[in-house]
Amino acid sequence: MSFKQFSSDQDVIDFVQTHTAVFNNSPDLTVTEIGDGNINFVYRVDDGAQSLIVKQALPYIRVIGEAWPLSQDRIRIEAKALKQSEESCPGSVPEVYHYDAASCAIIMADIGQYQSLRQALIERQSLPGVAEELGAYVAKSLFYSSDFYLSSKAKKSIVQDFINPDLCQISEEVYFWDPFCDHERNNVNTPLAARASEWWQDAELKQAVARLKMKFQNQAQVLLHGDLHTGSVFVDPSAEHKVKVIDPEFAFVGPAGFDLGVLIANYLLNLAGQSRAAGEPEERHAYQQVLLSDVNSLWQSLTESFRRLAAEHTQDPCLQSSDIVDAWLSELLTDSLGFAGVEMTRRTLGVAHVADVEQIEDEAARAEAQTMCLDMADLLIKHAGQFSGMPVITAAVGELSFCR
Ligand code: SR1
Ligand code: MG
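Quick look at the structure:
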């Protein structure tokens, strides 16, 4: 069957009524386009009592249009990655009700009562237990798709299932290329222009980033979400499952440190944003301490979970040694710091910025926060291998970004 874009509310309703029994043929359904991401169309269908989400992938990037074509295979990958996450970490993703290859669309549960982690951090909310649950989610995602757990053939099979060339190419460009050169897609705040020029000429930095890019392209270690920023994480600290992770269309089998690095980077982008955000300095400074403590908790929870999983469920006898697990986690930490620095760079100089910093209206004040982002990124990219543990790292980045 040939692909047809949903072009009316009725198209979306017909699709939902054909493939689910959620609304029992209710005549009073409303459809709202709620997508605020860059790439796809997302609709909420609601009968006043219940709701669900429909996501459709068009053959191009939503915010650019037909000038940037993009494989619709990404929606198959997203549906498969959501199912994989539900298996490895039950309750961590919205339930998938239906995946439709012909319409390039997914029908899934509405997580409307959850809020994006990015927005919660911007509002300086207290989020008890969220960082710990995120750490456990990352640990399970890593472990159950790694060589510790999967047979050799099962591992090759997920590598094959998640070959994602179009989306990987976007990441290769927007993370590792654009923000490290004077690229036309970049978005550089005017007072930051001189610092950006220095950045683009820093040979030591570029060499470290080239090594990270080669890991991204060649190191098939684990199944990654591929875009695990705080806008892909939804939270409700009062719920049984405090964290729901969405949007794994960038999923592929890649270097274990990538998702963790992106996630840490987004906590640190918020940390820098707090330094010049609206509100009392004491309150913002206190929240910066909370953010650093959350990063420590996330890492501690991740390592504890991963060590427990490895001790109880490692299948390969060659990998059943705590020394191997220690070495794997040590490499994970180093790689994640490098990737964190790259994510912070692309969110500061590249095409896609984040609200945590962009919400600072005054250009000069925003540039001060962005300078902190680049200072942290420089430290993380160039010195990733020199830190003895997460508390040392959070202390160092705290020094570079506290409200003054
Ligand atoms: C041009 S697409 C840029 C970014 O949007 C997505 O949300 C991903 O983060 C991607 O890198
Ligand atoms: Mg997304």
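Just so we're on the same page, the numbering used here is the position in the sequence shown counted from 1, plus 13.
The beta-carbon is built from N, C-alpha and C at its ideal position, and this holds for glycine as well.
None of these values were measured; they are calculated from a predicted model.
Considering only heavy atoms of the ligand MG, does any lie closer than 7 Å to the CB of residue i?
| i | result |
| --- | --- |
| D240 | yes |
| D49 | no |
| S164 | no |
| D260 | yes |
| S116 | no |
| S245 | yes |
Per DSSP, which one or two residues make a beta bridge with residue i?
| i | result |
| --- | --- |
| V60 | This sequence places Asp at residue 60; Val is not what is there. In the DSSP output, where bridge partners are listed per residue, D60 has none listed. |
| M227 | M227 is not bridged to any residue. |
| M121 | I66 and V109 |
| K257 | F247 |
| G104 | According to DSSP, G104 bridges with nothing at all. |
| L236 | V266 |
| T43 | D59 |
| Y73 | P82 |
| S129 | F247 |
| F54 | Q69 |
Compute every distance between the C-beta of residue i and the non-hydrogen atoms of the ligand SR1, then say whether any falls below 7 Å.
| i | result |
| --- | --- |
| V364 | yes |
| I52 | yes |
| N183 | A quick correction: the sequence has Ile, not Asn, at residue 183. Correct: I183 has its Cβ closer than 7 Å to the ligand SR1. |
| I74 | yes |
| V405 | no |
| V187 | yes |
Whose C-beta lies closer than 6 Å to the C-beta of residue i among residues of the same chain, with five residues either side of it excluded?
| i | result |
| --- | --- |
| G148 | L311, S314 and L315 |
| L362 | P192, N199, V201 and A209 |
| C181 | F265 |
| Y188 | V355 and R359 |
| L130 | T243, V246 and V248 |
| L241 | D272, V275 and L276 |
| L322 | F156 |
| S318 | A149 and A152 |
| V55 | I47, G48 and K68 |
| E91 | P261 and E262 |
| Q234 | P268 and A269 |
| Q287 | R297, Y300 and Q301 |
| T347 | A397 and G398 |
| I52 | I74 and R75 |
| L345 | A269 and G270 |
| Y112 | A92 and I119 |
Among the residues of its own chain, which have a CB less than 7 Å from the CB of residue i, if the five just before and after it don't count?
| i | result |
| --- | --- |
| D336 | none |
| T43 | D59 |
| V364 | V187, D191, R198, N199 and N200 |
| P82 | P72 and Y73 |
| K168 | D160 |
| N309 | M403, P404 and T407 |
| A133 | L140 and V248 |
| V172 | A233 and V266 |
| Q30 | F36 and N38 |
Under 8 Å, Cβ to Cβ, is there at least one residue of chain C near residue i?
| i | result |
| --- | --- |
| H242 | Although the question refers to chain C, the structure presented lacks it and comprises just one protein chain. |
Excluding sequence positions up to five away, which residues of its chain have a Cβ less than 8 Å from the Cβ of residue i?
| i | result |
| --- | --- |
| S2 | Only positions 14 to 417 of the chain appear in this structure, which leaves residue 2 out of reach. |
| D307 | L140, V143, A144 and Y280 |
| L95 | V106, P107, V109, I119, M121 and P261 |
| G292 | R137 |
Self-check item: Contact between the segment 192-210 and the segment 375-389 (3+ Cβ pairs under 8 Å)
Solution: yes
Exercise. Would you check if the segment 247-255 and the segment 270-284 touch, i.e. whether three or more CB-CB distances between them fall below 8 Å?
Key: no
Exercise. Specify whether the segment 112-125 and the segment 65-77 touch according to this definition: at least 3 beta carbon pairs, one from each stretch, less than 8 Å apart.
Key: yes
Quiz item: Would you call the segment 386-402 and the segment 355-366 in contact, with 3 or more CB pairs under 8 Å?
Solution: yes
Exercise. Decide yes or no for the touch test of the segment 340-354 against the segment 263-272: beta carbon pairs closer than 8 Å, at least 3 of them.
Key: yes
Quiz item: Counting pairs of Cβ atoms below 8 Å between the segment 127-141 and the segment 222-232, do you hit three or more?
Solution: no
Exercise. Report yes or no: do three or more beta-carbon pairs, one from the segment 172-179 and one from the segment 325-334, lie closer than 8 Å?
Key: no
Self-check item: Any 3 or more C-beta pairs closer than 8 Å across the segment 368-375 and the segment 278-291
Solution: yes
Quiz prompt | At least three beta-carbon pairs within less than 8 Å, the segment 213-221 to the segment 84-104 | solution = no
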